[in-house]
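Each residue of the sequence shown is one higher than the last, beginning at 40 in our numbering.
As structure tokens, the structure follows; a few thoughts come after it.
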Amino acid sequence: MINSIEIQGLTKSYGDFALQDINLTLPGGAIMGLIGENGAGKTTLIKCILNLVRRDKGSITLMGMDNLRQERQAKEEIGVVLDECFFHDNLRPRDVGAILAPVYRENWDAGLYGDYLDKFQLPQNKLIKEFSRGMKMKLSLAAALAHRPKLLLLDEATAGLDPVVRDEILDEFLTFICDEEHSILISSHIISDLEKAADYITYLHGGRVVLSDAKDTILDSYGRVGCTAAQLEDIQKEDLVRVRRGTFGCEALVSDRAAFHRKYPGLLVEPIALEDLMLFIGKEKSK
Numbered sequence: 040m041i042n043s044i045e046i047q048g049l050t051k052s053y054g055d056f057a058l059q060d061i062n063l064t065l066p067g068g069a070i071m072g073l074i075g076e077n078g079a080g081k082t083t084l085i086k087c088i089l090n091l092v093r094r095d096k097g098s099i100t101l102m103g104m105d106n107l108r109q110e111r112q113a114k115e116e117i118g119v120v121l122d123e124c125f126f127h128d129n130l131r132p133r134d135v136g137a138i139l140a141p142v143y144r145e146n147w148d149a150g151l152y153g154d155y156l157d158k159f160q161l162p163q164n165k166l167i168k169e170f171s172r173g174m175k176m177k178l179s180l181a182a183a184l185a186h187r188p189k190l191l192l193l194d195e196a197t198a199g200l201d202p203v204v205r206d207e208i209l210d211e212f213l214t215f216i217c218d219e220e221h222s223i224l225i226s227s228h229i230i231s232d233l234e235k236a237a238d239y240i241t242y243l244h245g246g247r248v249v250l251s252d253a254k255d256t257i258l259d260s261y262g263r264v265g266c267t268a269a270q271l272e273d274i275q276k277e278d279l280v281r282v283r284r285g286t287f288g289c290e291a292l293v294s295d296r297a298a299f300h301r302k303y304p305g306l307l308v309e310p311i312a313l314e315d316l317m318l319f320i321g322k323e324k325s326k
């Protein structure tokens with residue numbers, strides 16, 4: 040099985056910010072959630088994948104194709120949905136289809152596009168400026184799927200949507216990756232969506248990958264330890280990922296709950312949610 044995305048040693052510097060030595064693999068038939076604070080580099084990473092910005096070094100392959108040497112072929116296999124609908128307000132869904140058909144040529148499936156419009160209850164003759172945000176996102180998704188891509192790249196595509204619309208779109212994502220030929224990379228601040236849909240999680244912090252693994256592995260392994268300052272001093276630093284010190288006690292993040300419990304049986308280590316893990320790493324720089 041060919042991986043949908045393989046990134047090795049990717050670096051991109053803007054002077055005051057840089058993506059640094061990014062390594063990432065998205066297998067076929069999977070959804071990877073890309074998380075991180077604002078300014079962590081998520082959008083820059085997606086732009087590098089699409090070759091919209093020039094990298095300093097590193098390699099990116101998409102469905103086994105180099106995204107520089109085989110850029111056109113690779114992009115024919117990609118659907119993209121960004122956080123805003125970029126179709127002009129004075130267009131109608133039928134106009135969008137007419138514009139995109141010659142762009143994608145033989146890959147465009149007008150029948151499938153119409154099916155998605157019907158499925159999402161989007162009127163073909165209504166002006167886009169009259170659409171709600173949720174309707175615009177559904178239109179963007181219909182357009183992205185109508186040329187039958189193998190990879191979807193989504194940058195905050197569910198941001199600002201109500202829970203019902205988000206749930207509907209997430210169900211569509213799960214349908215899309217039913218076989219091993221389709222995959223999704225989705226950047227989102229809505230961690231609950233990723234906990235529901237993602238198979239893998241990659242956490243960008245300060246331009247670096249600080250965590251990238253199967254979601255279930257992360258949730259089964261990482262944990263939170265509550266202790267006193269004195270108890271914290273008795274824990275070896277290499278057994279801790281991050282520490283937060285407060286007035287009434289300390290909290291520590293560990294990467295292997297079972298191993299930590301065996302080594303320190305007197306301390307309680309609890310499971311940790313993805314959002315709490317992200318806050319732990321994002322707010323504390325050192326142990």
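The C-beta atom is built at its ideal place from N, Cα and C for all residues, glycine as well.
In this structure, the beta-carbon distance from S294 to V280 falls below 7 Å. Between the stretch 266-275 and the stretch 238-253, the count of Cβ pairs shorter than 8 Å is below three; the stretches do not touch. By the Cβ-count criterion, V142 is exposed, with fewer than 16 other Cβ atoms from all chains shown falling within 10 Å of its own Cβ.
Taken atom to atom, the span from the alpha-carbon of E145 to that of H300 is near 58 Å.
Minimum Cα-Cα distance from A297 among the listed residues E314, T286 and R263 corresponds to R263. When DSSP states are grouped into helix, strand and coil, H244 belongs to the strand group. When DSSP states are grouped into helix, strand and coil, P304 belongs to the coil group. DSSP lists A291 as the beta-bridge partner residues of V282.
Counting C-beta pairs with one atom in each stretch, the stretch 153-167 and the stretch 91-106 have fewer than three that are closer than 8 Å, which means they do not touch. In the DSSP assignment, the residues bridged to Y239 are M71 and A253.
Going by beta carbons, S222 and L73 fall outside the 7 Å limit. For I216, the three-state secondary structure derived from DSSP is coil.
When DSSP states are grouped into helix, strand and coil, I138 belongs to the helix group.
The three-state reading of DSSP puts C87 in helix, counting H, G and I together. Under the DSSP assignment, D194 falls outside any alpha helix (DSSP H), being part of the beta strand (DSSP E) whose first and last residues are L190 to D194. Judged by DSSP in its simplified three-state form, M104 adopts strand. It is roughly 25 Å from the alpha-carbon of I208 to the alpha-carbon of T256. Following the DSSP letters along the chain, one finds S43 in no beta strand (DSSP E), marked with neither H nor E.
The stretch 191-209 makes contact with the stretch 225-242; the number of CB pairs closer than 8 Å reaches 3 or more.
With contact defined as three or more Cβ pairs closer than 8 Å, the stretch 41-55 and the stretch 99-108 are in contact. When secondary structure is reduced to three states using DSSP, E76 falls in the coil class, being assigned neither helix nor strand.
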